[in-house]
Amino acid sequence: MPVSPPPRSRAGLIGPLRSTRGCKTCKIRKVKCGEEKPSCIRCTSTGRKCEYQGTFSGTFSSASSMSSILDTPLSSSPNTVWRERRAFAYYFQHAAPFVGGQLDLDFWKTIVPQVCRTEPAVWDAIIAISALFESPEPYPNLDCLHPGKPRALNQNHRDALNWYSRSVSGVRQRIERGSVDTFVGLISCVLFICIEALQGHVEEALRLYGQGGNLVLALRAQIACGAVTATNAALLEDTIVPIFARLGSIARAVVSNLLRSLIEDTEPTALQEFHSLKSARETIILLTAEIHSFQTTCAQHHLKFHASHLTPELINRQTILSAKLGAWRTAFTSLMVSLHPSDTVSPNQIGTVALIIAHYEMLSIMIAVCVSSVQMITDAYLPNFETIVEQSGIALDALARSDGTQAPYTFDITVVLPLFFTCLRCREPGIRRRALALLERAPQVQGFYKSISAVLFVRQIMALEEQFAAQLRNNSTMLGPTNVNCGYQRPTQAHGDEISGCDSHSSITSLGSESAASPYSIVAETGAMTATRLLIPEEARIGPVNVFWARDGFPPETAPEDIAKWNQNPDQRFLHFTRNQYDVASNTWHMVPEIIPAKVSF
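Residue numbering for the sequence shown follows the working numbering, starting at 4 and increasing by one per position.
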């Protein structure tokens, strides 16, 4: 069973401590203080104001005191209060700069710590995140996430679970008393999502996302009634809603309806210009949600009607989205021109720009190729895939921590989605393997999911396609007319006419470079024929993949004899996908569904 926070006893989780370090209220009352921070239990349980002498003054950025606290490892101190203080110092210096990304640094390093000064539940959630950040569990595989698999916990993990339990208990008590502030509840919910995701509890994190989304809608109703300050209203729309939009774009298939409700009022009506990298990022996240949704609609159309191309209505929708993406590109290019002359560009800015460009390139490919069910249409976009890989490498290097590693968790956009897309849709072996190598360097958890899940998934898809390709090459008579010599054909003029609004072979110039790298750095003209022969043939390429468990039942087209020969373990996962097969007799292509057991966990 997944590890859950232990129940909190009435005696509290903190043992007896010397009253000389207690709060001023308990000293005046001459009672023993538990020294819980930022407010002790004795004061909060009796409704008294709790203050400590000199515990916090002004801001939380006293570098000298924090450095001395951090000199002692969290797990080596027997003093619970000391461990709490050290955990907060670690959060402030090492977790806050990464958990939300550089563009949201003010929220994570200023606003959240300010809230925790008066909200014990927020304090407890912060130090729980800190402990998990400092000691993220290794994940050579995902066996530790399976039900029934025990997990070994070190002192940091035990502290995190205790503090998390205390935070959840505090929020529940406030809810029962009817005294919880909706805004504080929303911030707590965001922190809880981070804690659950760091533990690998995807379903619980998604449940919290739903609760948080409902709190956002409730706060918007309060704002409409004038019950929320202008400062908090701006914080909600400028920072917290974009966090939920980024999370929703990662798990769009699960939270699509709620995501639509959250972002429907945030979409810009007319995109003119960007004043900051943050506004550019938030807009491309909204475009990501729209284009992903459109891609799903197109895939469903191809499957339902067995059609290789779209209806005029869908083509019109594609044209609109392409125009939006083109307008975004124009505004972003203008922003880059304004930033480029600066001599004070930071590595964080360079990394953020690279991330945004990687996402743009992913969307430009996605909106162009979804018009056809033919998988080989992506071969015309090798330069864009190459740009994704190049920019992802820049981002990983620029946004790494001082020791060269990536942060274990982030709410921000990362290289995971663009690289995952590249590993699945780019069939040029050099680009594909470079993308996989970079994906293995990505932050351990983005949003709800561990990146190792993506790594294991694409490894299996790549192995299957290469296996299918080898089989086809051994029986070349099976190859269709576009697969001769395992090469590829660029999209026909008809395809090209449908792809509008974006120039697929031009690149956005990133910060720190005079011009973009050559878009043809992988498939140079001199070696084009050699490179194309290495591409996966059409009939070996796997289309959209659905993953399901045996316990949920098999699709209706599954043959009974196939089900009989497979592992009957209800926890066995299966891959359900389509491949295009060429019918020599009719000179046509057909989408053929296939189901195979997943060989690895992801």
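Quick reminder that beta carbons are idealized off the backbone N, C-alpha and C, glycines included. Everything numeric in this text was worked out from a predicted model, so none of it was measured.
With distances taken Cα to Cα, identify the nearest neighbour of residue i among the options.
{"i": "F198", "options": "E542, I464, T413 and C426", "result": "Note that residue 198 corresponds to Ile in the displayed sequence, not to Phe. The shortest Cα separation from I198 among E542, I464, T413 and C426 belongs to T413."}
{"i": "H304", "options": "V219, P573 and P547", "result": "P547"}
{"i": "I539", "options": "Y363, R435 and P559", "result": "R435"}
{"i": "I368", "options": "A410, R428 and R88", "result": "R428"}
{"i": "R332", "options": "F297, Y94 and L290", "result": "L290"}
{"i": "F136", "options": "N351, S375, D382 and L201", "result": "L201"}
{"i": "I318", "options": "F297, K307 and Q584", "result": "F297"}
{"i": "F95", "options": "L106, R45 and Q117", "result": "Q117"}
{"i": "L239", "options": "V219, Q225 and A254", "result": "V219"}
{"i": "S341", "options": "L313, C26 and L280", "result": "L280"}
{"i": "L366", "options": "E431, V377, I294 and T381", "result": "I294"}
{"i": "T408", "options": "L211, Y585, T242 and H97", "result": "H97"}
{"i": "D400", "options": "N387, V102, V356 and S375", "result": "V356"}
{"i": "Y93", "options": "D109, N82, Q105 and I132", "result": "I132"}
{"i": "N549", "options": "A134, H278, A99 and I599", "result": "I599"}
{"i": "F101", "options": "N351, E564 and K27", "result": "N351"}
{"i": "V115", "options": "R444, T242 and A224", "result": "T242"}
Run through DSSP, which three-state label would residue i get?
{"i": "D586", "result": "strand"}
{"i": "V34", "result": "coil"}
{"i": "E597", "result": "strand"}
{"i": "S42", "result": "coil"}
{"i": "H304", "result": "helix"}
{"i": "I502", "result": "Below a pLDDT of 50, predicted positions are generally treated as unreliable, and I502, at 35, falls in that range; no measurement from the model is reported."}
{"i": "V603", "result": "coil"}
{"i": "K112", "result": "helix"}
{"i": "T333", "result": "helix"}
{"i": "F580", "result": "strand"}
{"i": "I52", "result": "For the record, residue 52 in the displayed sequence is Lys; it is not Ile. Here K52 sits in coil by DSSP."}
{"i": "T381", "result": "helix"}
{"i": "T322", "result": "helix"}
{"i": "T121", "result": "coil"}
{"i": "V356", "result": "helix"}
{"i": "T58", "result": "Because T58 sits at a pLDDT of 39, beneath the cut-off of 50, its placement in the model cannot be relied upon, and the point is left open."}
{"i": "V340", "result": "helix"}
{"i": "L420", "result": "helix"}
{"i": "W552", "result": "strand"}
{"i": "T408", "result": "coil"}
{"i": "T591", "result": "strand"}
{"i": "T390", "result": "helix"}
{"i": "T413", "result": "strand"}
{"i": "A403", "result": "coil"}
Could you check whether residue j and residue i sit closer than 8 Å to each other, using their CB atoms as the reference points?
{"i": "D415", "j": "R249", "result": "yes"}
{"i": "S454", "j": "V448", "result": "yes"}
{"i": "G216", "j": "F247", "result": "yes"}
{"i": "L422", "j": "A438", "result": "yes"}
{"i": "V372", "j": "S395", "result": "no"}
{"i": "E597", "j": "F580", "result": "yes"}
{"i": "E468", "j": "A383", "result": "no"}
{"i": "L265", "j": "V244", "result": "yes"}
{"i": "S252", "j": "A292", "result": "yes"}
{"i": "M379", "j": "C426", "result": "no"}
{"i": "Q321", "j": "I370", "result": "yes"}
{"i": "C53", "j": "S42", "result": "yes"}
{"i": "P123", "j": "G173", "result": "yes"}
{"i": "N583", "j": "S376", "result": "yes"}
{"i": "A254", "j": "G103", "result": "no"}
{"i": "Y212", "j": "I190", "result": "no"}
{"i": "P432", "j": "L537", "result": "yes"}
{"i": "P573", "j": "A553", "result": "yes"}
{"i": "L306", "j": "M594", "result": "yes"}
{"i": "A398", "j": "L442", "result": "no"}
{"i": "A410", "j": "P446", "result": "yes"}
{"i": "V183", "j": "R177", "result": "yes"}
{"i": "R51", "j": "V34", "result": "no"}
{"i": "Y452", "j": "V205", "result": "yes"}
Any C-beta of chain C sitting closer than 8 Å to the C-beta of residue i?
{"i": "F451", "result": "Of the chains in the structure shown, none is chain C; there is only one protein chain."}
task: Mind the definition here: the stretch 162–171 touches the stretch 122–132 only if three or more C-beta pairs lie below 8 Å; say whether that holds.
output: Taking a cut-off of 8 Å for Cβ pairs, the stretch 162–171 and the stretch 122–132 touch, as three or more such pairs fall below it.
field: Contact the stretch 381–401 vs the stretch 359–367: 3+ CB pairs below 8 Å
entry: yes
query: Per the contact definition of three or more C-beta pairs closer than 8 Å, is the stretch 333–342 in contact with the stretch 274–287?
result: yes
message: At 4 residues or longer, what runs of the alpha helix (DSSP H) sit wholly inside the stretch 212–296?
response: Whole alpha helix (DSSP H) segments, 4+ residues: 233–238, 244–253 and 255–266.
Runs of alpha helix (DSSP H) lying entirely within the stretch 449–479, each at least 4 residues, in chain order: 454–477
- prompt: Which full runs of the alpha helix (DSSP H) of 4+ residues lie inside the stretch 177–213, going along the chain?
  reply: 185–201
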